[in-house]
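K.L.:
Per numbering that gives the first Met the number 0, the very first residue in the sequence shown carries number 0; after that it's consecutive.
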Amino acid sequence: MDPITRLLEDIRDSLRILSLEPAINIPPRAAALLLIIPVFILAVTNNTQTLALLLPPITATYLYAARRLRVVKLSLKLLAYPVLLAAASAAPLILMGRQGEAALFTLRVIDPAVYMMAFTLIAGWRRIVQGLEELHIPKPLTRGMLMLAYYLPRFTGQLLAILTARRARTLTKPTHTEWWRLLATSTGELLLRSQHTALMLSHAIEARTLSPRGEGAGR
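1. Check whether the Cβ atoms of PRO152 and ARG66 sit closer than 8 Å, and answer yes or no.
2. So, with DSSP's three-state summary, where would you put SER13?
3. Nearest by alpha-carbon distance to ALA87: which of THR44, PHE104, LEU182 and THR47 is it?
4. With 16 as the cutoff for other CB atoms within 10 Å, does LEU120 come out buried or exposed?
5. Among the residues of its own chain, which have a CB less than 6 Å from the CB of ALA31, if the five just before and after it don't count?
6. Give the DSSP-derived three-state secondary structure of LEU32 in the structure shown.
7. Figure out for me which residue from GLY143, LEU17 and THR171 has the closest Cα to the Cα of LEU73.
8. For ARG56, count the other beta carbons within 10 Å of its own beta carbon; 16 or more makes it buried, fewer makes it exposed. Which is it?
9. If you measure between the beta carbons of PRO21 and GLY156, is that distance less than 8 Å?
10. Pull up the distance between the alpha-carbon of LEU200 and that of LEU191, whole angstroms please.
11. Rounded to the nearest angstrom, what separates ILE204 and LEU189 at their Cα positions?
12. For VAL113, does the count of other Cβ atoms within 10 angstroms reach 16, so buried, or fall short, so exposed?
13. Taking the alpha carbon of ALA42 as the point to measure from, which residue in THR176, ALA89, MET115 and GLY143 has its own alpha carbon closest?
14. Closest to ASP12 by C-alpha separation, out of LEU181, TYR149, THR186 and THR176, would be which residue?
15. Pick out whichever of TYR61, ARG107 and ARG125 has its Cα sitting closest to the Cα of PRO26.
16. Is the beta carbon of ALA101 closer than 8 Å to that of LEU92?
17. Closer than 6 Å by C-beta to ILE220: which residues in its own chain qualify, once you throw out the five before and the five after it? Chain order, please.
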């Protein structure tokens, strides 16, 4: 399996985690606050030892929640992404001999990321978004967060299906450049399909309501 397809599958599966039921029943507003406040504190902490001591219990909590929801394998994959990203970003500091700053930077990235993933599994994405709405976060933002969890896994799955079909038509293994061209054209085709489906749905709703879109909204 090529790296692009594997990456798309990981994105699809990771986004499906957002639709899982919460491991623990937490009130929405409390869930939102318990996500925002600790993530902010971890992100601005300047003590390397404190961050290093907090990482094991946060990771253990994350793995416990993943085991309870039976998504351990996928959760380990997701854990690798912030670790690799932080390590790659801190590499220049290590080469410059600033190992202390590199360690602090890495931990300030990993700790909030792991905590956010752990708490999302514990409280549930929908519950967190509901809490953000109760905290008067603008509705376009919260609705977008809900749509992210609902539509992106389906979008990625359809994109993988189109890529697989186009890949089956080629007799030779595509080069890296050809793979990106396949990905770009497949994404464009899927967006056109989505736009056409949305237009047909809009016409169907308009035909059933016997009035143009926008009219009757205030009735």
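Where is the CB? At the ideal position from N, CA and C, for every residue including glycine.
P.N.:
Result, derived from the coordinates:
1. Judged by their CB atoms, PRO152 and ARG66 are not nearer to each other than the 8 Å cut-off.
2. Per DSSP, reduced to three states, the secondary structure at SER13 is helical.
3. Relative to ALA87, the option among THR44, PHE104, LEU182 and THR47 whose CA is nearest is PHE104.
4. Counting of Cβ neighbours within 10 angstroms places LEU120 among the buried residues, the total reaching 16 or more.
5. Closer than 6 Å at the Cβ level, and outside the excluded window around ALA31, lie ILE127, GLY130, LEU131 and LEU134.
6. Here LEU32 sits in helix by DSSP.
7. Closest option to LEU73, Cα to Cα, is LEU17.
8. Looking at the sequence itself, residue 56 is Pro, so the reference to Arg does not match. Residue burial is scored here from C-beta neighbours: PRO56 has fewer than 16 other C-beta atoms within 10 angstroms and is therefore classed as exposed.
9. In this structure, GLY156 does not lie closer than 8 Å to PRO21 by Cβ.
10. C-alpha separation (whole angstroms): 14 Å.
11. Taking the straight line from one Cα to the other gives about 22 Å.
12. A residue is called buried once 16 or more other Cβ atoms fall within 10 Å of its Cβ, and VAL113 is buried on that count.
13. Nearest C-alpha to ALA42: MET115.
14. Looking at the Cα atoms, TYR149 is the closest of the given residues.
15. Selected option, being the one with the closest Cα: ARG125.
16. Yes; because the gap between Cβ atoms is below 8 Å, this pair is in contact.
17. No answer is possible for residue 220: it lies beyond the span of the chain, which begins at 0 and ends at 218.
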